[in-house]
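Since the structure comes first, as structure tokens, the remarks are kept for the end.
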Amino acid sequence: MADEVVPGELDITDELIAERRAEEPGETPEDMTPWQRPIVACIDVMNLWAGRIVCLLLVPLIFVMVFEVFSRTMFGTLTGWDMNDVALSLGLGPTLWAYDLSRMSSGVIFMAAAGYALLRGVHIRADFLYRTWTKKTQATTDASLYLLFYFPAMLFFFWTSADFWWAAFQRGETTMDSTWAPVLWPARLAMPVGAALLFLQGISELFRAFYDMGKERERMFVKFLPVYIAIVAVIFLAIFFPDAVPFDDWFNSAFGGGFGLSKATIGLLMLGAMLFSIFVGFPISFTLIFLAFTFGSWGAGSAVTFFLMTLQVNSTMLDDQLVAVPLFILMGIVMEQAGLMERLFNAVQLMMSRTRGALFIAVLFVSTIFAAATGIVGASVTILGIMAAKTMNKSGYDVRLAAGTITAGGTLGILIPPSIMLIVMGPVLEIPVTELFRAAIMPGVILAGLYMLYALGRCWINPKLGPILPEDEQPETSEYYGLEVLWVFGSLGVLIKLIYSGATGQLSYFPVSGLIIPLLWTALMFFAYSISRSASISGKIVEVVSLVFGLAIAIFLIWNFTIPAFVAIVGGDIFFGIINFLPLLLWLLVIYKTISWERINGTGERFYFSDLWYEFFMGLVPPTVLIAFALGSILAGWATPAEASACGAFGAILLSLAYRKLTFTKFYDALIKTLEISVLIMFLVAASNFFGAVFSNLGTPKYLTELLLSFDLSVIAMLIFVMALVFLLGWPLEWVPIVLIIIPILVPLLVSMNVNLTWFAILVAVNLQTAWLSPPVALSAYFLKGVVPEWDLKDIYFGMMQFMCIQVLGLSLMFAFPGLILWFPDWMAGNPQPFFSYTGWTTP
424 MADEVVPGEL DITDELIAER RAEEPGETPE DMTPWQRPIV ACIDVMNLWA GRIVCLLLVP
484 LIFVMVFEVF SRTMFGTLTG WDMNDVALSL GLGPTLWAYD LSRMSSGVIF MAAAGYALLR
544 GVHIRADFLY RTWTKKTQAT TDASLYLLFY FPAMLFFFWT SADFWWAAFQ RGETTMDSTW
604 APVLWPARLA MPVGAALLFL QGISELFRAF YDMGKERERM FVKFLPVYIA IVAVIFLAIF
664 FPDAVPFDDW FNSAFGGGFG LSKATIGLLM LGAMLFSIFV GFPISFTLIF LAFTFGSWGA
724 GSAVTFFLMT LQVNSTMLDD QLVAVPLFIL MGIVMEQAGL MERLFNAVQL MMSRTRGALF
784 IAVLFVSTIF AAATGIVGAS VTILGIMAAK TMNKSGYDVR LAAGTITAGG TLGILIPPSI
844 MLIVMGPVLE IPVTELFRAA IMPGVILAGL YMLYALGRCW INPKLGPILP EDEQPETSEY
904 YGLEVLWVFG SLGVLIKLIY SGATGQLSYF PVSGLIIPLL WTALMFFAYS ISRSASISGK
964 IVEVVSLVFG LAIAIFLIWN FTIPAFVAIV GGDIFFGIIN FLPLLLWLLV IYKTISWERI
1024 NGTGERFYFS DLWYEFFMGL VPPTVLIAFA LGSILAGWAT PAEASACGAF GAILLSLAYR
1084 KLTFTKFYDA LIKTLEISVL IMFLVAASNF FGAVFSNLGT PKYLTELLLS FDLSVIAMLI
1144 FVMALVFLLG WPLEWVPIVL IIIPILVPLL VSMNVNLTWF AILVAVNLQT AWLSPPVALS
1204 AYFLKGVVPE WDLKDIYFGM MQFMCIQVLG LSLMFAFPGL ILWFPDWMAG NPQPFFSYTG
1264 WTTP
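The number in our numbering is simply the position in the sequence shown, starting from 1, with 423 added.
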């Protein structure tokens, strides 16, 4: 049953994984061929310990980057206070080594643990066809593709990367883009080591496939192995040691000459082979590496191809933006383990208990908050399903609308920053990740708002879809608890506005330190709920002090916001004027509540929401502060995404410790899960970069661009075609291969049509989010079905499709009004344009 599932026991890392291996590493069936069993067990244990050791590198990676941020920030602060000598004496300031050490460590992590990832079965494959086959058919296909693709690719990869490492070692090569300039060979050693571990693990996987296909087929493959080894050895010698084989001239001229085909045509064949191989179901990373080696050597020559391979893998290892990938993932997993999501959900559910569709509100509110914390769709959908499904069933909620709300809310993590997809997409489109984060905020909020409007609108039309919670599910509250809600949220709204205004310097005579006044008032207001339950003197004092502070802030707001609002409206900026009126209106309502306290509660009745508000704030404030700190530092330009991710992960660890939820076992489990997700993403990034470099070298992207432009389609028609293509590919494929393989092919076309790539990137992100809600391949449905088995899969599909239509509506609005995406980044940069002046492309 759903209520028997424990969130802490869930594996939330499976959203990108076709099929995780169930058995423990080193375990082999007793009836496996005797000579194969010890080989499989030995290789498995070796890669298991490699993963266990490598994941520990995440800890020093975090502390190195946190120290860099702390040292640099403290140096700037002390220098601003004319204490430069003190800062220098303490050794504060930007370090020379943190940048290189962090990116090299990240590169070593993903390369050295690649064999472990294969052991655990976490390399991405498109298995929508593969999963429908019998076990024998799957095993036969796996064995065939391992022999055809995997072993040649890993052999070439190992030899080329070993040569690349040896050259760096002999020359004492150092980095050229940093002041520290460390030698590169220790980090590059991870490339041949990782390739060797992958090659060995491939042997283990091949023997497992032999066992699964049955003895008869296994004997056929084993008999063929000597011939296969001889063929691969000859090809290897012909490529790397041409003088060792007598027919090297014929081989190189025939293969390198392309058999009379143009380079662009060879690239098209490579693209077709890639699509076929992916849809067959073999792990995508290894397919890309093999095809890039094969077709690159065919069309461009082996020397160019091997150079591109080493260059692209090395560039991926040293890409400082990708350092943020594992650290944001770790941040999300640790926060999930702290149980804050459940705490906040329960509080919001009780707060809205007298409202139709209260559970829909709670699900969407919590999913929006935690989308900025986890970014892992599988985590959000499964935990929301566990928390909400049982109560929804008991309260008589419509199953289809409930399933749609949970799955739609859970998918917000793919879009709302710090989205892992946007971090990966930034380098692909050569756009700063900060720019993408800024551009994704408004679309994320808009989609969450559309979800909520739809769910509540349906409940308003048909109350049976989301009835008020039963009496035994409602908390004991005062008669006027609605005003209590207004009190708290009005205070929070004004406080947020004050913090932003003070921090950005909009109030020149109101420094950030002046926020102590509203902060003190908020603290008094918070504790007043407990103190004022009795008619004690202390309760009266709190009421009076709260009233005085409230009136003082009201006067402050009138002077600093209302007058500028009138000026803005007179000047024609109605939007700015309304925004500045809202804090005053909210605060005046709060003042009314304070003044009418005794009149409303004439019978002596006091607030009963103190415990509930405590739960709400304890569930909301810590993660919100952490998210705001990590994300805000990126958006404001105070820290790079990598630095912010390290600080966020460090803060999540401290938060989990404060809630007494962090144990060594849980933390180590979080490191392992982070390693698995990070390796599969970053290894695919390296493989797709290699594939893309070969593809570009063959000139096929230019050929495709000229071909599509020859159709003389308008920009709108071409973009609609591209969006439709991405949408259709999102059904069978995950976002990773689409972003890393398909999008780079389209970039030359987009550039030639002067399309705004930031706008396009967010459209693609929203489009791929839609694919999560598109049956029958949408993984969100299977996540939800796994934790709520009593819900029929058909009902889950119907529920998802409702919100898929809402998603398409949101995508259409963003396509029609680019300002929904582009205005906010300009506003944060201080140069916003009129909303309707934004366009997604420019006319040459």
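In this text, a Cβ means the ideal position worked out from N, Cα and C, and glycines have one as well. Because the structure is a prediction, the values reported are computed rather than measured.
When the beta-carbon positions are compared, residue 1194 and residue 1233 stay at least 7 angstroms from each other. DSSP places residue 472 in the helix class (H, G or I) of the three-state scheme. In the three-state DSSP reduction, residue 1154 falls in the coil class, being neither helix nor strand. The C-beta distance from residue 543 to residue 1099 rounds to 6 angstroms, short enough to fall under 8 angstroms. The residue from 560, 626, 526, 584 with its alpha-carbon nearest to that of residue 573 is 626. Relative to the Cα of residue 1114, the nearest Cα in the group 860, 488, 851 belongs to 851. In the displayed model, residue 606 falls within a strand according to three-state DSSP.
Residue 539: member of the alpha helix (DSSP H) spanning 537–542, first to last residue.
For residue 562 against residue 632, the beta-carbon gap comes to about 4 angstroms, under 8 angstroms, which counts as contact. The C-beta distance from residue 1116 to residue 735 rounds to 5 angstroms, short enough to fall under 8 angstroms. Proximity to residue 546 across 711, 789, 787 peaks at 711, based on C-alpha coordinates. The DSSP-derived three-state label of residue 710 is helix. Minimum Cα-Cα distance from residue 470 among the listed residues 619, 832, 778 corresponds to 619. Distance between residue 578 and residue 639, taken at the CA atoms: about 28 angstroms.
By the C-beta density criterion, residue 630 is buried, having at least 16 other C-beta atoms within 10 angstroms. For residue 649, the enclosing alpha helix (DSSP H) stretches over residues 638–663. Spatial neighbours of residue 775 in its own chain (CB-CB distance under 7 angstroms, excluding positions within 5 residues in sequence) are listed in chain order as 781, 784, 785.
About 18 angstroms separates the beta carbon of residue 820 from that of residue 1229, a gap too long to meet the 8 angstroms contact definition. The straight-line gap separating the alpha-carbon atoms of residue 528 and residue 481 is approximately 8 angstroms.
Using a Cβ distance threshold of 7 angstroms, residue 1158 and residue 1191 count as a contacting pair. The beta carbon of residue 539 is closer than 6 angstroms to those of 470, 473, 474 in its chain, skipping five residues each way along the sequence.
Per DSSP, the continuous alpha helix (DSSP H) segment holding residue 826 begins and ends at 822–833. Nearest to residue 1251 by C-alpha distance, out of 1123, 1093, 862, is 862. Scanning its chain for C-beta atoms nearer than 6 angstroms, with the 5 sequence neighbours on each side dropped, one finds around residue 747 the residues 846, 1064, 1065, 1068, in chain order. In this chain, the alpha helix (DSSP H) harbouring residue 1124 covers 1123–1133.
Bounds of the alpha helix (DSSP H) holding residue 1091 are 1087–1120. Pairing residue 858 with residue 519, the inter-Cα distance amounts to about 27 angstroms. Around the beta carbon of residue 645, fewer than 16 other beta carbons lie within 10 angstroms, which makes this residue exposed. In summary, residue 1220 is buried, with 16 or more beta-carbon neighbours lying within 10 Å of its beta-carbon over all protein chains present. Following the DSSP letters along the chain, one finds residue 766 inside the alpha helix (DSSP H) bounded by residues 763–774. Looking at the DSSP output, residue 597 sits in a beta bridge with 606. The beta carbon of residue 1176 lies closer than 7 angstroms to those of 1138, 1141, 1264 in the same chain, with the five residues before and after it left out. Take residue 1131, set aside five residues on each side of it, and the residues of its chain with a beta-carbon closer than 8 angstroms to its own are 1141, 1172, in chain order. Residue 1244 places its beta carbon less than 7 angstroms from that of residue 1185.
Taking a 10 Å sphere around the C-beta of residue 637, we find fewer than 16 other C-beta atoms and assign the residue as exposed.
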